[in-house]
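Participant: Line order of the protein sequences matches chains A and B. The first sequence: position 133 = 133 (this note's numbering), numbered continuously. For any residue, its number in this note's numbering is found by taking its place in the second sequence, counting from 1, and adding 1000.
Protein chains: 2
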Amino acid sequence: MGTIDSKTEEIIFRAARKVFTRKGFDGARMQEIADEAGINKALLHYYFRSKDKLFDRVFRDVVKMTLPRLISIMNSEMPLFDKIRTFTSTYIDILSGNPEFAGFVFHELSRNPNRLLESLKESGPNLRLLENQINEAAGSGEIEYIPVTHLVVNMMSLIALPFIAQPVIMGMFPMKPENFDAFIQERKELVPQMIINSIKRRP
Amino acid sequence: MGTIDSKTEEIIFRAARKVFTRKGFDGARMQEIADEAGINKALLHYYFRSKDKLFDRVFRDVVKMTLPRLISIMNSEMPLFDKIRTFTSTYIDILSGNPEFAGFVFHELSRNPNRLLESLKESGPNLRLLENQINEAAGSGEIEYIPVTHLVVNMMSLIALPFIAQPVIMGMFPMKPENFDAFIQERKELVPQMIINSIKRRP
DNA sequence: AAATAATTTAACCAGATGGTCAAATGTACA
DNA sequence: TGTACATTTGACCATCTGGTTAAATTATTT
Chain A
1 MGTIDSKTEE IIFRAARKVF TRKGFDGARM QEIADEAGIN KALLHYYFRS
51 KDKLFDRVFR DVVKMTLPRL ISIMNSEMPL FDKIRTFTST YIDILSGNPE
101 FAGFVFHELS RNPNRLLESL KESGPNLRLL ENQINEAAGS GEIEYIPVTH
151 LVVNMMSLIA LPFIAQPVIM GMFPMKPENF DAFIQERKEL VPQMIINSIK
201 RRP
Chain B
1001 MGTIDSKTEE IIFRAARKVF TRKGFDGARM QEIADEAGIN KALLHYYFRS
1051 KDKLFDRVFR DVVKMTLPRL ISIMNSEMPL FDKIRTFTST YIDILSGNPE
1101 FAGFVFHELS RNPNRLLESL KESGPNLRLL ENQINEAAGS GEIEYIPVTH
1151 LVVNMMSLIA LPFIAQPVIM GMFPMKPENF DAFIQERKEL VPQMIINSIK
1201 RRP
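#1: Can you list the alpha helix (DSSP H) stretches of 4 or more residues lying completely in the segment 1021-1088 of chain B, in chain order?
#2: Using a Cβ-Cβ cut-off of 7 Å (strictly less than) and excluding sequence neighbours within five positions of A1016 (chain B), which residues of its own chain qualify?
#3: Please report the Cβ distance between G171 (chain A) and L1190 (chain B), rounded to the nearest whole angstrom; I am assuming they are in contact, meaning their Cβ atoms lie under 8 Å.
#4: Are there 16 or more other CB atoms within 10 angstroms of the CB of M1 (chain A), so buried, or fewer, so exposed?
#5: Look at the alpha carbon of S72 (chain A) and the alpha carbon of M78 (chain A), and state the distance between them as a whole number of angstroms.
#6: Run through chain A and tell me which residues come within less than 8 Å of R1202 (chain B), C-beta to C-beta.
#7: Find the residues of chain B that neighbour T149 (chain A), judging by a C-beta separation of less than 7 Å, and give them in chain order.
#8: Report buried or exposed for N154 (chain A), applying the criterion of at least 16 other Cβ atoms within 10 angstroms of its Cβ.
#9: Is it buried or exposed for K1064 (chain B), if we count other Cβ within 10 angstroms and need 16 for buried?
#10: Consult DSSP for I1146 (chain B) and reduce its assignment to one of helix, strand or coil.
#11: Go ahead and label S1157 (chain B) buried or exposed: buried means 16 or more other beta carbons lie within 10 angstroms of its beta carbon, across all protein chains shown.
#12: Apart from the five residues on each side of it in sequence, which residues of its chain come closer than 6 Å, Cβ to Cβ, to A137 (chain A)?
#13: Figure out for me which residue from B:G1141, B:Y1046, B:P1068 and B:F1013 has the closest Cα to the Cα of D1056 (chain B).
#14: If the cut is a Cβ gap below 7 Å, which residues of chain B does S157 (chain A) touch?
#15: Whole angstroms are fine: how far does the CA of N1112 (chain B) sit from the CA of E108 (chain A)?
#16: Buried or exposed: where does E1100 (chain B) fall if 16 or more other Cβ atoms within 10 Å of its Cβ makes it buried?
#17: Buried or exposed for G1097 (chain B), going by 16 or more other Cβ atoms inside 10 Å?
#18: At the 7 Å Cβ level, is S1050 (chain B) part of the contact set with chain A, yes or no?
#19: Closest by CA to L1151 (chain B), which one among B:T1090, B:F1025, B:N1135 and B:D1035?
#20: Run through the DSSP bridge pairs and tell me what K200 (chain A) is partnered with.
#21: Find the nearest neighbour of I1195 (chain B) within the set B:F1163, B:N1114, B:T1086 and B:K1176, judged by alpha-carbon distance.
#22: To the nearest angstrom, how far is the alpha carbon of I11 (chain A) from that of D35 (chain A)?
#23: Would you call R1187 (chain B) buried or exposed, if buried means 16 or more other Cβ atoms sit within 10 Å of its Cβ?
#24: Can you give the Cα-Cα distance for T21 (chain A) and A102 (chain A), rounded to whole angstroms?
#25: L1190 (chain B) CB to nearest chain A CB: under 7 Å?
#26: Taking beta-carbon pairs under 9 Å, can you tell me which members of the segment 16-46 of chain A lie near chain B?
#27: Is the distance from the Cβ of R201 (chain A) to the Cβ of G141 (chain A) below 7 Å?
#28: According to DSSP, is K176 (chain A) part of a helix, a strand, or is it coil?
#29: Can you tell which of B:M1074, B:V1105 and B:F1104 has its C-alpha closest to the C-alpha of T1090 (chain B)?
#30: Taking just the CA atoms, how far does Q31 (chain A) sit from I39 (chain A)?
#31: Quick one: Cα of V105 (chain A) to Cα of Y46 (chain A), how far?
#32: Could you round the C-beta distance between T1149 (chain B) and F173 (chain A) to whole angstroms and report it? I think they count as a contact, below 8 Å.
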């Protein structure tokens, strides 16, 4: 279940992912997906019964392309600061390759919050582990205490929002696409530095 | 131009803002707006010729409800750290009162990037001023240098994303709506502290 | 090569959706 | 009161959209 065997099925699926992630469920048209795939609209329904079913597959695929790698970093035994650095650069790399993913996931999730819950329930990040690392580092005086919630949300925010806000950013600060890419790359260093700097205890 | 005189016009407009900000342009239905306003669908077109026109008014209104206050803070002569604190708490207050605004603006902007450019062109924030403040503070050794772009994007990110990601956050960390509100309130202190901490030069 | 099954298509359908219009209702004013 | 004007509505229309179906085409099996 969930596998793609035929060649055309693969083509259709990629087309669907492209259109859905760019336009969202409501903005996407089955006809547009068919055109993008270069096939007849009826073929969409032959392979993926309905728009809902096709969308569902796409959404799961997008989650599967991002979450597992991030969760495995979170759940690793890596030291706290390394974890922050690795998480950031991995997440930024993923989104650099698929800039629409961030906006897509958050937007569709607000349309149907239950969607992610399933994915998270079956293999969520082990927040207890991260919590322990924070407590240890705070106990030893290495860092100032910060609740896990805020630390995680801070990382997500600093990483994901620039992609969602790309048009705003490129409008505010005159930027060509290459400049925006460079700007994002700078953040692979800047974001973890900033997070670490903000919690590291001052001498 | 752009004013609302009649009582029903006001009711319709509020209904439209509610529906559009929650569902987006593509997800919104004229019938739903009419129902929300408790009037006939034809009346929508009587007051606001088309869905596009109505949406445009709503979008402009939302921008006008947020941007000017933020811009005036940015353009004020307030000291850098105060500016960061005031900007954050004002922005969070605005979004707390209208949690859908953030996702709405960013999503619709990626559908039509030109929309904001107009609003920004006529009265954008004076980034040169902020830049000077950064340079001064960096020159005097008070802070570590940071490009304006990153500083501004960092603030936007830490403030706006939690609202966009609300369902994700409430799913990851078991949170009831009240808890989420409290979580957001905590950030009015935490975010500026974090930003300032991350740039303040260490002794 | 014939028969069977899988893939692909053109044509079509039903319901939804943005939009129109003529009639009805209400309001102000002479 | 009657008349001009604005407001509101129900009914209707054209188009779009997801989905179906029967036929055509291609691949597979015997």
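Virtual Cβ for every residue (Gly too), placed ideally from N, Cα, C. Because the structure is a prediction, the values reported are computed rather than measured.
Facilitator: Taking the structure as given:
#1: 1030-1037, 1041-1047 and 1051-1074
#2: In the second sequence, counting from the first residue as 1, residue 1016 (chain B) sits at position 16. Scanning its chain for C-beta atoms nearer than 7 Å, with the 5 sequence neighbours on each side dropped, one finds around A1016 (chain B) the residues I1033, L1054 and V1058, in chain order.
#3: For the purposes of this step, residue 171 (chain A) is taken as the residue at position 171 of the first sequence. For the purposes of this step, residue 1190 (chain B) is taken as the residue at position 190 of the second sequence. 28 Å between Cβ atoms; not a contact.
#4: The count along the first sequence starts at 1 and reaches residue 1 (chain A) at position 1. Note that M1 (chain A) has pLDDT 40, beneath the 50 cutoff, so the model's placement of it is unreliable and no number is given.
#5: In the first sequence, counting from the first residue as 1, residue 72 (chain A) sits at position 72. In the first sequence, counting from the first residue as 1, residue 78 (chain A) sits at position 78. If you take the alpha carbons of S72 (chain A) and M78 (chain A), they lie about 11 Å apart.
#6: Position 202 of the second sequence holds residue 1202 (chain B). Under the 8 Å cutoff, chain A gives R202 and P203.
#7: In the first sequence, counting from the first residue as 1, residue 149 (chain A) sits at position 149. Under the 7 Å cutoff, chain B gives F1173 and F1183.
#8: Position 154 of the first sequence, counting from 1, holds the residue named residue 154 (chain A). Here N154 (chain A) is buried, its C-beta having at least 16 other C-beta atoms within 10 Å.
#9: By one-based count along the second sequence, residue 1064 (chain B) stands at place 64. Answer is exposed; the Cβ neighbour count stays below 16.
#10: What you label residue 1146 (chain B) is simply residue 146 of the second sequence in a count that begins at 1. Coil, per DSSP.
#11: The residue given as residue 1157 (chain B) occupies position 157 in the second sequence. The residue in question, S1157 (chain B), is buried, as its Cβ has 16 or more Cβ neighbours within 10 Å.
#12: Numbered from 1 along the first sequence, position 137 holds the residue referred to as residue 137 (chain A). Closer than 6 Å at Cβ, skipping near neighbours: L80 and I143.
#13: Within the second sequence, the letter at position 56 stands for residue 1056 (chain B). Of B:G1141, B:Y1046, B:P1068 and B:F1013, the residue nearest in Cα terms is B:F1013.
#14: Here residue 157 (chain A) refers to the residue found at position 157 of the first sequence. Here the neighbours are S1157, L1158, L1161 and P1162.
#15: Taking the first sequence and counting its residues from 1, one reaches residue 108 (chain A) at position 108. Taking the second sequence and counting its residues from 1, one reaches residue 1112 (chain B) at position 112. Approximately 18 Å, taken between the alpha carbons.
#16: Residue 1100 (chain B) sits at position 100 when you count from the first residue of the second sequence. Counting Cβ neighbours within 10 Å, E1100 (chain B) comes out buried, since at least 16 surround it.
#17: Stepping through the second sequence from its first residue, residue 1097 (chain B) is reached at position 97. That one is exposed.
#18: Reading the second sequence from its first residue, position 50 is the one you call residue 1050 (chain B). No, its Cβ sits nowhere closer than 7 Å to a Cβ of chain A.
#19: Taking the first residue of the second sequence as position 1, residue 1151 (chain B) is located at position 151. Comparing Cα-Cα distances from L1151 (chain B) to each of B:T1090, B:F1025, B:N1135 and B:D1035, the minimum goes to B:N1135.
#20: Here the question's residue 200 (chain A) lines up with position 200 in the first sequence. DSSP, once it has assigned bridges, lists A:I143 as partnering K200 (chain A).
#21: Against the second sequence, residue 1195 (chain B) aligns to sequence position 195. With distances taken between Cα atoms, I1195 (chain B) lies closest to B:T1086.
#22: Translated into positions along the first sequence, residue 11 (chain A) becomes position 11. Translated into positions along the first sequence, residue 35 (chain A) becomes position 35. The straight-line gap from Cα to Cα measures roughly 11 Å.
#23: Numbered from its first residue, the second sequence carries residue 1187 (chain B) at position 187. The residue in question, R1187 (chain B), is buried, as its Cβ has 16 or more Cβ neighbours within 10 Å.
#24: The residue labelled residue 21 (chain A) in the question sits at position 21 within the first sequence. The residue labelled residue 102 (chain A) in the question sits at position 102 within the first sequence. Taking the straight line joining both Cα atoms gives about 9 Å.
#25: Here residue 1190 (chain B) corresponds to residue number 190 of the second sequence, with the count starting at 1. Yes, contact with chain A.
#26: R22, K23, G24, F25, D26, G27 and A28
#27: Translated into the one-based positions of the first sequence, residue 201 (chain A) becomes position 201. Translated into the one-based positions of the first sequence, residue 141 (chain A) becomes position 141. Yes; because the gap between Cβ atoms is below 7 Å, this pair is in contact.
#28: On the first sequence, position 176 is the one that residue 176 (chain A) refers to. Per DSSP, reduced to three states, the secondary structure at K176 (chain A) is coil, with no helix or strand assignment.
#29: As a first step, residue 1090 (chain B) must be located in the second sequence, where it is residue number 90. Ranking the options by Cα distance to T1090 (chain B), first place goes to B:M1074.
#30: Here residue 39 (chain A) corresponds to residue number 39 of the first sequence, with the count starting at 1. Here residue 31 (chain A) corresponds to residue number 31 of the first sequence, with the count starting at 1. In a straight line, the C-alpha of I39 (chain A) is about 9 Å away from that of Q31 (chain A).
#31: Your numbering for residue 105 (chain A) matches position 105 in the first sequence. Your numbering for residue 46 (chain A) matches position 46 in the first sequence. Looking at the two C-alpha atoms, the distance is approximately 26 Å.
#32: The residue you call residue 1149 (chain B) lines up with position 149 of the second sequence. The residue you call residue 173 (chain A) lines up with position 173 of the first sequence. Yes, they are in contact, since the Cβ atoms of T1149 (chain B) and F173 (chain A) sit about 5 Å apart, within 8 Å.
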